[in-house]
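Asker: Residue numbers (the working numbering), protein chains in the order written: chain R, 1 to 313; chain H, 1001 to 1313. If you scroll down you'll find the structure; I have some questions about it.
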């Protein structure tokens, strides 16, 4: 994407006086993300990441920022929001809500191997345990309610077979909710580009702006559908096994969770098929230099329906 | 010192399950500090520093830990306490209060140059600004009340001239209190070995276990008496100037603070003369492989009395 809200050197220099992070050394826009304007920022103190929120509901922001702060102080390598001199995480810059967070080392991987999935599974387990004591509540903003809303919005753009697939999967999911699965704060968007690695170890989990309360298992399903893809969007057995095995070594999963796994993989595929359809057919002004192809997740969904994947760590 | 409380591999491995920092990779005792048992700890997640509190009053510990957490989330490079799975910083290990904190990179300097004093002054200024919003209160535990207590305890070990110096300085300080100086949380022990540098930049401030509420200027005086020593314990003009100049570029000092500077340098010298006398003449069981020489700070005190140092940034 392009950055929506430009920030000048003088504006940022002045704004940073609200913090105790030293003086501005340099900054540059970050060409990723479709919901926010992001900048890398270097000060005399260190390296930071600045986000201006372009469209997230203001009432949701404290949940995300407090969750990141909570996880960071439990030792999870996620961006830690920096408090300003008035002790607030949320500031404003050029008329937009804004937050300064620590910048983590490492790079994301395009083609993770099984050992990286082991790292990811262990971290996800630790993150879920650490998040248990987080007191705030925000329902997963891309959960079933949003699926139904988005389906209404996009259905007229779909051909008959895709409309039928969508309606059928929504009905299936509505008939297979799992109110008794362990729930808590989930990242809910932990794709490969939201994890950083350094020397083979996971060094950061970033972008918590789709987080919310949902089944913990949902986080694993989102990861599996991205990190563990094999030929023709199947689940690679070695990487999937590594992910699940490392996870359950940290947080043992319940029999009900094992049973729910094939349904959860479908739910995770449905959610991203819907959001990509939505972004593709209903682009918002100024957004999306690169719209992701919705077909990718339709194909994943179809495959998870035809060949239900069993829990196999 | 020796470590007072030994910790076994099995004990630490088990104890770390209370946190979300991964599994133990290795650990080793740290041969510094005279108040606590310290260990470097490496887990699959990262590098940590473990402290078992041997003699600090339990009721003071929350102040230190919350202050470190507060400063860390304001971007000050200090050890950040890690919260356990029950969301507490303070734990227990082998019957002692214990805390796990992040381990910062860098090394301390024996012979800092003016540019290092510039780094220190700027960081001290930022730390004082960030600490303004810290709500807890603990009177500097090594303040005037403690001076009088310690003086009573050590006076019988001193010769007549030192007894007279001590009484005279205590009387002088009692007559020169500055209730109107800006006050707030101070580190109060920021000697060279409590600051870490990496590639010329200050990368960490450690050991907050003498922190308390006092005049902010006192922190600068403690630093000057250690970082800026020239021949025969005089204040080196270049390093002292660099320290004060960098500090007041971040937090402008008041006219009253400039006026109080020579008195504050004497107060800082008195405090460490007294604590070294106390540790030297009244060693506690098991402590002090290396007792610091009390004479060092007596000489600093005498010199600051004979040649009052003016504020000269």
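All residues carry an ideal CB built from backbone N, CA and C; glycine is no exception.
What's the gap between the Cα of residue 1011 of chain H and the Cα of residue 1095 of chain H?
Answerer: Within the second chain, numbered from 1, the residue matching residue 1011 of chain H stands at position 11. Within the second chain, numbered from 1, the residue matching residue 1095 of chain H stands at position 95. The straight-line gap from Cα to Cα measures roughly 12 angstroms.
Asker: Can you grab the Cα-Cα spacing for the pair residue 1204 of chain H / residue 1124 of chain H, in whole Å?
Answerer: The residue given as residue 1204 of chain H occupies position 204 in the second chain. The residue given as residue 1124 of chain H occupies position 124 in the second chain. When rounded, the distance between both Cα atoms is 11 angstroms.
Asker: Just the C-alpha distance for residue 1001 of chain H and residue 1031 of chain H, rounded to the nearest angstrom, thanks.
Answerer: In the second chain, residue 1001 of chain H corresponds to position 1, counting from 1. In the second chain, residue 1031 of chain H corresponds to position 31, counting from 1. Residue placement at residue 1001 of chain H is poorly supported in this model, since its pLDDT is 44, which falls under 50; the coordinates are not used for a value here.
Asker: Determine the DSSP secondary structure at residue 1152 of chain H, reduced to helix, strand or coil.
Answerer: For the purposes of this step, residue 1152 of chain H is identified with residue 152 of the second chain, where counting begins at 1. The answer is helix: DSSP assigns residue 1152 of chain H an H, G or I state.
Asker: Rounded to a whole number of angstroms, what is the C-alpha to C-alpha distance between residue 256 of chain R and residue 266 of chain R?
Answerer: The count along the first chain starts at 1 and reaches residue 256 of chain R at position 256. The count along the first chain starts at 1 and reaches residue 266 of chain R at position 266. Between residue 256 of chain R and residue 266 of chain R, the C-alpha separation is close to 16 angstroms.
Asker: In this structure, how does DSSP classify residue 1272 of chain H when only helix, strand and coil are distinguished?
Answerer: Start at 1 with the first residue of the second chain, and residue 1272 of chain H comes out as number 272. Looking at residue 1272 of chain H - three-state DSSP - the assignment turns out to be helix.
Asker: Listing by chain order, which chain H residues have their CB less than 8 angstroms from the CB of residue 129 of chain R?
Answerer: By one-based count along the first chain, residue 129 of chain R stands at place 129. Per Cβ cutoff of 8 angstroms: 1020, 1085.
Asker: What residues of chain R sit near residue 1082 of chain H, judged by a beta carbon separation below 8 angstroms?
Answerer: Along the second chain, one-based indexing puts residue 1082 of chain H at 82. 73, 74, 75, listed in chain order.
Asker: With 16 other CB atoms within 10 Å as the buried threshold, where does residue 167 of chain R fall?
Answerer: Translated into the one-based positions of the first chain, residue 167 of chain R becomes position 167. Under this definition residue 167 of chain R is an exposed residue.
Asker: With the cut-off set at 9 angstroms, would you say residue 223 of chain R and residue 121 of chain R are in Cβ contact?
Answerer: Here residue 223 of chain R corresponds to residue number 223 of the first chain, with the count starting at 1. Here residue 121 of chain R corresponds to residue number 121 of the first chain, with the count starting at 1. Yes, the pair counts as a contact, with Cβ atoms nearer than the cut-off.
Asker: So, is residue 240 of chain R buried or exposed, given that buried needs 16 or more other C-beta atoms within 10 angstroms?
Answerer: Position 240 of the first chain, counted from the start, is the residue given in the question as residue 240 of chain R. Label assigned to residue 240 of chain R: buried.
Asker: So that I know if they touch, is there some Cβ in chain R lying closer than 9 angstroms to that of residue 1001 of chain H?
Answerer: The sequence position of residue 1001 of chain H within the second chain is 1, counting from 1. Bear in mind that the predicted position of residue 1001 of chain H carries a pLDDT of just 44, short of 50, making it too unreliable to give a figure here.
Asker: Please state the DSSP three-state secondary structure of residue 1188 of chain H.
Answerer: For this step, residue 1188 of chain H is matched to residue 188 along the second chain. It is coil, neither helix nor strand.
Asker: Determine the chain H residues that contact residue 69 of chain R at a beta-carbon separation under 8 angstroms, and present them in chain order.
Answerer: Within the first chain, residue 69 of chain R is the residue found at index 69, counting from 1. Neighbours of residue 69 of chain R on chain H, chain order: 1073.
Asker: Taking the straight line between their C-alpha atoms, what separation do you get for residue 1182 of chain H and residue 1215 of chain H?
Answerer: Along the second chain, one-based indexing puts residue 1182 of chain H at 182. Along the second chain, one-based indexing puts residue 1215 of chain H at 215. Roughly 6 angstroms between the two C-alpha positions.
Asker: Going along the chain, which unbroken runs of the alpha helix (DSSP H) with 4 or more residues stay wholly within the segment 189-241 of chain R?
Answerer: 216-227, all fully within the segment 189-241 of chain R.
Asker: So, using beta-carbon positions, are residue 227 of chain R and residue 192 of chain R closer together than 9 angstroms?
Answerer: Here residue 227 of chain R corresponds to residue number 227 of the first chain, with the count starting at 1. Here residue 192 of chain R corresponds to residue number 192 of the first chain, with the count starting at 1. A contact, by the Cβ cut-off of 9 angstroms.
Asker: Can you confirm whether residue 1064 of chain H, when its beta carbon is compared against all beta carbons of chain R, has any partner nearer than 9 angstroms?
Answerer: For the purposes of this step, residue 1064 of chain H is taken as residue 64 along the second chain, with counting starting at 1. For residue 1064 of chain H, the answer is no, since every Cβ of chain R falls outside 9 angstroms of its Cβ.
Asker: Residues of chain H with CB closer than 8 angstroms to the CB of residue 132 of chain R, please, in chain order.
Answerer: Within the first chain, the letter at position 132 stands for residue 132 of chain R. Neighbours of residue 132 of chain R on chain H, chain order: 1085.
Asker: With the cut-off set at 9 angstroms, would you say residue 65 of chain R and residue 104 of chain R are in Cβ contact?
Answerer: In the first chain, residue 65 of chain R corresponds to position 65, counting from 1. In the first chain, residue 104 of chain R corresponds to position 104, counting from 1. No, these two residues do not count as a Cβ contact at 9 angstroms.
Asker: Restricting to Cα atoms, I'd like to know which of H/1054, H/1045, H/1018, H/1047 is closest to residue 1004 of chain H.
Answerer: Here residue 1004 of chain H refers to the residue found at position 4 of the second chain. Nearest C-alpha to residue 1004 of chain H: H/1054.
Asker: So the candidates are H/1275, H/1274, H/1253; which of them puts its Cα closest to the Cα of residue 1312 of chain H?
Answerer: Here residue 1312 of chain H corresponds to residue number 312 of the second chain, with the count starting at 1. Minimum Cα distance to residue 1312 of chain H is reached at H/1253.
Asker: Strictly under 9 angstroms for the Cβ-Cβ distance: is residue 1122 of chain H near chain R by that measure?
Answerer: What you label residue 1122 of chain H is simply residue 122 of the second chain in a count that begins at 1. Chain R contact via Cβ: present.
Asker: How would you write the range of the alpha helix (DSSP H) that residue 161 of chain R sits in, first residue to last?
Answerer: Residue 161 of chain R sits at position 161 when you count from the first residue of the first chain. Taken as a continuous stretch (DSSP letters only), the alpha helix (DSSP H) holding residue 161 of chain R covers 160-174.
Asker: If we define contact as Cβ-Cβ less than 9 angstroms, is residue 1233 of chain H a contact residue for chain R?
Answerer: The sequence position of residue 1233 of chain H within the second chain is 233, counting from 1. No, its Cβ sits nowhere closer than 9 angstroms to a Cβ of chain R.
Asker: Using a Cβ-Cβ cut-off of less than 9 angstroms, list which residues of the segment 1031-1061 of chain H approach chain R; keep chain order.
Answerer: For the segment 1031-1061 of chain H, which is checked against every Cβ of chain R, the residues closer than 9 angstroms are 1043, 1044, 1045, 1046, 1048.
Asker: Measuring CB to CB, does residue 1211 of chain H end up less than 9 angstroms from residue 1056 of chain H?
Answerer: Residue mapping note: residue 1211 of chain H aligns to position 211 of the second chain, counting from 1. Residue mapping note: residue 1056 of chain H aligns to position 56 of the second chain, counting from 1. Cβ distance not < 9 angstroms, so residue 1211 of chain H and residue 1056 of chain H don't count as in contact.
Asker: Got a sec, what are the start and stop residues for the alpha helix (DSSP H) residue 64 of chain R sits in?
Answerer: Position 64 of the first chain, counted from the start, is the residue given in the question as residue 64 of chain R. Looking at the DSSP string, the run of the alpha helix (DSSP H) that includes residue 64 of chain R is 61-73.
Asker: Going by C-alpha to C-alpha distance, which of R/236, R/15, R/62, R/179 sits closest to residue 209 of chain R?
Answerer: Start at 1 with the first residue of the first chain, and residue 209 of chain R comes out as number 209. Ranking R/236, R/15, R/62, R/179 by Cα distance to residue 209 of chain R puts R/62 first.
Asker: Which of the residues in the segment 180-203 of chain R, read from start to end, lie with their CB under 7 angstroms from any CB of chain H?
Answerer: Under the 7 angstroms Cβ criterion, the segment 180-203 of chain R contributes no residue.
Asker: Leaving out five residues on either side along the sequence, give the residues of the same chain with a beta carbon under 7 angstroms from the beta carbon of residue 1184 of chain H.
Answerer: Walking along the second chain from the start, residue 1184 of chain H turns up at place 184. Counting only Cβ-Cβ distances below 7 angstroms, and skipping sequence neighbours, we find 1128, 1131, 1132, 1213, 1216.
Asker: How long is the line joining the alpha carbons of residue 1138 of chain H and residue 1189 of chain H, rounded to whole angstroms?
Answerer: Against the second chain, residue 1138 of chain H aligns to sequence position 138. Against the second chain, residue 1189 of chain H aligns to sequence position 189. So the alpha carbons of these two residues sit roughly 15 angstroms apart.
Asker: Residue 54 of chain R lies in the beta strand (DSSP E); which residues open and close that run?
Answerer: For this step, residue 54 of chain R is matched to residue 54 along the first chain. Note, residue 54 of chain R: premise wrong, no beta strand (DSSP E); not H, not E.
Asker: Closest by CA to residue 155 of chain R, which one among R/280, R/50, R/134, R/238?
Answerer: What you label residue 155 of chain R is simply residue 155 of the first chain in a count that begins at 1. Among R/280, R/50, R/134, R/238, the Cα nearest to that of residue 155 of chain R belongs to R/280.
Asker: Roughly how many angstroms separate the alpha carbons of residue 1043 of chain H and residue 153 of chain R, rounded to a whole number?
Answerer: Within the second chain, numbered from 1, the residue matching residue 1043 of chain H stands at position 43. Within the first chain, numbered from 1, the residue matching residue 153 of chain R stands at position 153. C-alpha separation (whole angstroms): 48 angstroms.
Asker: Which of the three DSSP states, helix, strand or coil, is assigned to residue 1024 of chain H?
Answerer: Along the second chain, read from residue 1 onward, the residue named residue 1024 of chain H stands at position 24. Residue 1024 of chain H falls in the strand class under three-state DSSP.
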